[in-house]
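Participant: Quick one: the structure is below, questions incoming.
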Amino acid sequence: MLGLYLHRESVIHRLPAGAKLGGLLLVTIIVLALPGAWGAAAAGLIGALVLAAARLPAGRVLRELRAPVVMLTLLFGFQALLSGGGWEETAVAVARFAALILLATLVTLTTRVMDMVDLFERLFGLLRPVGFNPAKMALMLALTIRFIPLLGEQVREVRMAQRARGVERNIAALFVPLLVKILTMADDLTAALEARGYDPADSGSEAPSKNATQR
Amino acid sequence: MIELRSVTHAYGDRPVLHDLTLRLAERRIAILGGNGSGKSTLARLLNGLIVPTAGSVAVDGLDTRTDGRAVRQRVGFVFQNPDTQIVYPTVEEDIAFGLKARKLPKDEIARRVAGALDRYGLDRYRHQPAHQMSGGEKQLLAIAGVLVLEPAYVIFDEPTTLLDLRNRRKVIELLRGLPQTVIVVTHDLDMVKDFDRALVLEDGRVVADGPPSDAVPAYIERLG
Amino acid sequence: MLSTRDLVLCALFAALLGGLGMAPPIPLGFLPVPITAQTLGVMLAGTILGAKRGGIAALLFVLLVAAGLPLLAGGRGGIGVLMGPTGGFVLAFPLAAFVTGWLAERFATGANPIRLFAVSVVGGILVVYAGGIPWLWLVAGLPIDKAVFGSLAFVPGDLIKAGVAAVAAAGVRRAGILPIHA
């Protein structure tokens, strides 16, 4: 599943996901700590540099920004009206957040979904002492990615059944068969995982033992 | 050899199998029976996916109740619906799943996955999302994911029910060529005619057992 | 410890949340705002799977949105959306599913749709808003009272979703397929 990733040959694309996410976190903290105008300028400058380095089409990237910018403008404008604040202030606040969202969007557009998922799994490894099991997390994420298209189809079927029957008020009745189907799928899927030798008790220790390879 | 001794199985208070004693030693065995006859339950008992309410099932002397893991290593299981047995997003990852669960070394996993992709004609789909494949290709992938584990026995639970004619023939061909002991639960009488043995189940009891040339007519007669 | 079946259920409900986001929103004739069914999925995850598994299902969903899958209504996704003004609503999903499930395990274990509705309202609406509104205030500097007022437009749609979730969950419970503590 490709997701929002846009492939290009660039330095930014080649950077590891962890570096990009860490960088985003760092820049966000710095920008929020700087006074408004300076923060906006810094984030905007970094955003423009990264955008250029990533060799992504600016139009496509800015389209991702349209919705949040419109919303931020409305929110800040509304607020400026109420409090009688200056328009410059509003513009700076909108610009600062738009620049941060641009940076975050750039991270998403230049990082493969699976690389990001791998990074999350490694981060979950740090939570092992408090009972998190990164191997189980990894399996669940993979299963989810595998089943999203299938369940998207099922939801569309529910919608079609709803339209076919012309019942707008009885959506709940259409969700019951879908949920029952999901629960039966869960039984089948559990059996399939266990039939292929999956045992939840031994996930977590990654190192292959010599013993296990003898058949 | 798989051996059942006085096996009875019930879901809650609903009995599905009554006191079955069987020795399954032939290379090609068919399990026939109508809906609700207990044949899918029987199949699931054979690799320890479920354990019997009473009696015991043993695979090469290993009891499914106490040696479940060793039994499942020996007995592969292919289900009817490939959609719920493909567990990873892409073809290559999915074939690797069972090998990883078995904690084989990385290079051996890579070697066996490559071999399976090649053998079952899935090479060109390697990085393709499983949900974009056709029903027949998905079933082929599901079968590959089990055979890559090199089990000594393979159980198929209605492997052709959801397939069109062409893909059905493909799966039957594949089944014929397998070196393993194969046990197939099916309604597909055509598939089993050259098998070594056919069992007919009705209401949780074996009502016919023998070469398909005898058992299949008995089954058809009972259906009529 | 999570069993194989638990892992599978969490993943399937996370995928349901994603599937709900990919489907076009459901227009209801009598409401101006179309229903984007995602919080419906949060309520169902909580009422049907319970606190722990429901919370994990919603967490998986949020992680995949953050990883760049376009699973939010309108095909949106990525870290930018989560950092944006409405990000708090989505980030609250795991807690919302957990709270819905926690309440359902205590006060709505049967097939009574009224009780299921009540826990869906608290978990699936109150908790989601409790995450989304302060985020609006923090990110956009919108005063809390204004943020609350602006969010009211979505309440009727959310109440309908809670109703749908309650009736659907009650239907599943009546079918007796999955007792909540299973």
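Residue numbers (this note's numbering), protein chains in the order written: chain A, 864 to 1078; chain B, 28 to 251; chain C, 208 to 389. Beta carbons: idealized from backbone N, C-alpha and C, even for Gly.
Considering only residues of the segment 261–292 of chain C, which uninterrupted alpha helix (DSSP H) runs meet the minimum length of 4 residues and lie entirely inside it, listed in chain order?
Facilitator: If we require 4 residues or more, the alpha helix (DSSP H) runs fully inside the segment 261–292 of chain C come out as 286–290.
Participant: What residues from chain A crowd round Pro341 (chain C), counting only those whose CB sits closer than 8 angstroms?
Facilitator: Indexing the third sequence from 1 puts residue 341 (chain C) at position 134. Result: empty, since nearest Cβ-Cβ is about 14 angstroms, beyond 8 angstroms.
Participant: Residues of chain C with CB under 9 angstroms from Phe960 (chain A), in chain order?
Facilitator: Counting from one through the first sequence, the residue named residue 960 (chain A) turns up at place 97. Those are Met290, Gly291, Pro292, Val346 and Ala347, listed as they occur along chain C.
Participant: Could you check whether Ala896 (chain A) and Leu965 (chain A) sit closer than 9 angstroms to each other, using their CB atoms as the reference points?
Facilitator: The sequence position of residue 965 (chain A) within the first sequence is 102, counting from 1. The sequence position of residue 896 (chain A) within the first sequence is 33, counting from 1. Result no, Cβ atoms of Leu965 (chain A) and Ala896 (chain A) do not sit closer than 9 angstroms.
Participant: Excluding the 5 residues preceding and the 5 following Asn194 (chain B) in the sequence, name in chain order all residues of the same chain whose CB lies nearer than 6 angstroms to its CB.
Facilitator: Along the second sequence, read from residue 1 onward, the residue named residue 194 (chain B) stands at position 167. Result list for Asn194 (chain B): Gly163, in chain order.
Participant: For the beta strand (DSSP E) that Arg55 (chain B) lies in, which residues bound it at each end?
Facilitator: To locate residue 55 (chain B), count along the second sequence from 1; it is residue 28. It spans Arg55 to Gly60 - the beta strand (DSSP E) in which Arg55 (chain B) sits, taken as one unbroken run.
Participant: Would you give the residue range spanned by the beta strand (DSSP E) that Gly103 (chain B) belongs to?
Facilitator: The sequence position of residue 103 (chain B) within the second sequence is 76, counting from 1. From DSSP, the beta strand (DSSP E) with Gly103 (chain B) extends over Val102 to Val105.
Participant: Quick check: the Cα distance between Phe222 (chain B) and Arg232 (chain B), rounded to an integer number of angstroms?
Facilitator: Here residue 222 (chain B) refers to the residue found at position 195 when the second sequence is read from its first residue. Here residue 232 (chain B) refers to the residue found at position 205 when the second sequence is read from its first residue. Between Phe222 (chain B) and Arg232 (chain B), the C-alpha separation is close to 21 angstroms.
Participant: By Cβ distance below 6 angstroms, which residues in the same chain neighbour Trp344 (chain C) in space, the five residues on each side in sequence not counted?
Facilitator: By one-based count along the third sequence, residue 344 (chain C) stands at place 137. Taken in chain order, the residues that qualify are Ile351 and Ala354.
Participant: Determine the chain A residues that contact Arg55 (chain B) at a beta-carbon separation under 8 angstroms, and present them in chain order.
Facilitator: As a working mapping, residue 55 (chain B) is identified with position 28 in the second sequence. Under the 8 angstroms cutoff, chain A gives no residues; its nearest Cβ is about 20 angstroms from Arg55 (chain B).
Participant: According to DSSP, is Val175 (chain B) part of a helix, a strand, or is it coil?
Facilitator: The residue you call residue 175 (chain B) lines up with position 148 of the second sequence. Coil at Val175 (chain B), not helix or strand.
Participant: Find the nearest neighbour of Ala943 (chain A) within the set A:Arg975, A:Met977, A:Leu1004 and A:Ala956, judged by alpha-carbon distance.
Facilitator: Against the first sequence, residue 943 (chain A) aligns to sequence position 80. The candidate whose alpha carbon is nearest that of Ala943 (chain A) is A:Ala956.
Participant: Please state whether DSSP places Ser210 (chain C) in a helix, a strand or coil.
Facilitator: On the third sequence, position 3 is the one that residue 210 (chain C) refers to. Here Ser210 (chain C) sits in coil by DSSP.
Participant: Less than 8 angstroms between the CB atoms is what I'm expecting for Gly902 (chain A) and Arg959 (chain A), so what's the real figure, rounded?
Facilitator: Taking the first sequence and counting its residues from 1, the one referred to as residue 902 (chain A) is at position 39. Taking the first sequence and counting its residues from 1, the one referred to as residue 959 (chain A) is at position 96. Contact holds; Cβ gap of about 5 angstroms.
Participant: Taking the alpha carbon of Thr316 (chain C) as the reference point, which residue from C:Phe220, C:Gly357, C:Asp213 and C:Gly257 has its own alpha carbon closest?
Facilitator: Counted from its first residue, the third sequence places residue 316 (chain C) at position 109. Minimum Cα distance to Thr316 (chain C) is reached at C:Gly257.
Participant: Just the Cα atoms here: how many angstroms apart are Thr91 (chain B) and Gly75 (chain B)?
Facilitator: Walking along the second sequence from the start, residue 91 (chain B) turns up at place 64. Walking along the second sequence from the start, residue 75 (chain B) turns up at place 48. Whole-angstrom Cα-Cα distance: 5 angstroms.
Participant: Using CA atoms only, rank isn't needed, just tell me which of C:Phe356, C:Gly275, C:Met229 and C:Arg322 is closest to Arg380 (chain C).
Facilitator: Stepping through the third sequence from its first residue, residue 380 (chain C) is reached at position 173. Of the listed residues, the one whose Cα sits closest to Arg380 (chain C) is C:Arg322.
Participant: Which residue comes first and which comes last in the beta strand (DSSP E) that contains Leu205 (chain B)?
Facilitator: Position 178 of the second sequence holds residue 205 (chain B). Run containing Leu205 (chain B): none; DSSP gives neither H nor E here.
Participant: Whose CA, out of A:Pro931, A:Pro898 and A:Gly886, lies closest to the CA of Gly910 (chain A)?
Facilitator: Start at 1 with the first residue of the first sequence, and residue 910 (chain A) comes out as number 47. Closest by alpha carbon: A:Gly886.
Participant: Rounded to whole angstroms, what's the CA-CA distance from Ala143 (chain B) to Pro156 (chain B)? Just pull it up for me.
Facilitator: Looking up residue 143 (chain B) in the second sequence gives position 116. Looking up residue 156 (chain B) in the second sequence gives position 129. The straight-line gap from Cα to Cα measures roughly 17 angstroms.
Participant: With a cut-off of 9 angstroms, does the C-beta of Ala52 (chain B) fall near any C-beta of chain A?
Facilitator: For the purposes of this step, residue 52 (chain B) is taken as residue 25 along the second sequence, with counting starting at 1. Taking Cβ atoms only, chain A never reaches closer than 9 angstroms to Ala52 (chain B), which makes this a no.
Participant: Assuming Phe104 (chain B) contacts Tyr115 (chain B) (C-beta within less than 8 angstroms), just tell me the rounded distance between them.
Facilitator: For the purposes of this step, residue 104 (chain B) is taken as the residue at position 77 of the second sequence. For the purposes of this step, residue 115 (chain B) is taken as the residue at position 88 of the second sequence. Contact flag wrong, Cβ pair sits at about 17 angstroms.
Participant: Cβ closer than 7 angstroms: which chain A residues qualify as neighbours of Asn108 (chain B)?
Facilitator: On the second sequence, position 81 is the one that residue 108 (chain B) refers to. Correct list: Asp1051.
Participant: Does DSSP put Gly436 (chain C) in a helix, in a strand, or in coil?
Facilitator: Nothing about residue 436 (chain C) can be read from this structure; chain C reaches only from 208 to 389.
Participant: The beta strand (DSSP E) spanning Phe183 (chain B) covers which residue range?
Facilitator: On the second sequence, residue 183 (chain B) is found 156 positions in, with the first residue counted as 1. Looking at the DSSP string, the run of the beta strand (DSSP E) that includes Phe183 (chain B) is Tyr180 to Asp184.
Participant: Starting from Pro156 (chain B), follow its DSSP beta bridges and name the residues at the other end.
Facilitator: The residue you call residue 156 (chain B) lines up with position 129 of the second sequence. Looking at the DSSP assignment, Pro156 (chain B) forms a beta bridge with B:Thr117.
Participant: How would you label Asp134 (chain B), buried or exposed, when you count the other beta carbons within 10 angstroms and need 16 or more for buried?
Facilitator: Taking the first residue of the second sequence as position 1, residue 134 (chain B) is located at position 107. So Asp134 (chain B) counts as exposed.
Participant: Of all the options C:Met290, C:Ala265 and C:Thr246, which has the alpha carbon lying nearest to the alpha carbon of Leu333 (chain C)?
Facilitator: For the purposes of this step, residue 333 (chain C) is taken as the residue at position 126 of the third sequence. Out of C:Met290, C:Ala265 and C:Thr246, C:Thr246 has the C-alpha closest to the C-alpha of Leu333 (chain C).
Participant: Quick check on Pro239 (chain C): buried or exposed, where buried means 16 or more other Cβ atoms within 10 Å of its Cβ?
Facilitator: Taking the first residue of the third sequence as 1, we reach residue 239 (chain C) at position 32. Any reading at Pro239 (chain C) must be qualified, since the residue scores a pLDDT of 46, below 50, and its modelled position is unreliable; the value itself is stated next. Exposed.
Participant: Output yes if chain C places a C-beta closer than 9 angstroms to the C-beta of Asp1065 (chain A); else output no.
Facilitator: Within the first sequence, numbered from 1, the residue matching residue 1065 (chain A) stands at position 202. No, Asp1065 (chain A) does not count as interfacial toward chain C.
Participant: For Lys66 (chain B), is the beta carbon positioned less than 8 angstroms from some heavy atom of the ligand SAM?
Facilitator: Looking at this structure, you won't find the ligand SAM or any other ligand, since it has none at all.
Participant: Give the straight-line distance between the Cα atoms of Gly281 (chain C) and Pro320 (chain C), rounded to the nearest whole angstrom.
Facilitator: In the third sequence, the residue the question calls residue 281 (chain C) occupies position 74. In the third sequence, the residue the question calls residue 320 (chain C) occupies position 113. Answer to the nearest angstrom: the Cα atoms are 30 angstroms apart.
Participant: Give me the chain A residues within the contact set of Asn74 (chain B), using Cβ-Cβ distance strictly less than 9 angstroms, ordered along the chain.
Facilitator: In the second sequence, counting from the first residue as 1, residue 74 (chain B) sits at position 47. Ala1058, listed in chain order.
Participant: What are the start and end residues of the alpha helix (DSSP H) that includes Asp46 (chain B)?
Facilitator: Counting from one through the second sequence, the residue named residue 46 (chain B) turns up at place 19. Note, Asp46 (chain B): premise wrong, no alpha helix (DSSP H); beta strand (DSSP E) at Arg41 to Leu51.
Participant: Hey, out of A:Ser873, A:Pro879 and A:Val874, whose CA is closest to Val976 (chain A)'s CA?
Facilitator: Numbered from its first residue, the first sequence carries residue 976 (chain A) at position 113. Closest option to Val976 (chain A), Cα to Cα, is A:Pro879.
Participant: Between which two residues does the alpha helix (DSSP H) harbouring Arg232 (chain B) extend?
Facilitator: In the second sequence, counting from the first residue as 1, residue 232 (chain B) sits at position 205. Arg232 (chain B) -> not in any alpha helix (DSSP H); beta strand (DSSP E) instead, spanning Arg232 to Gly237.
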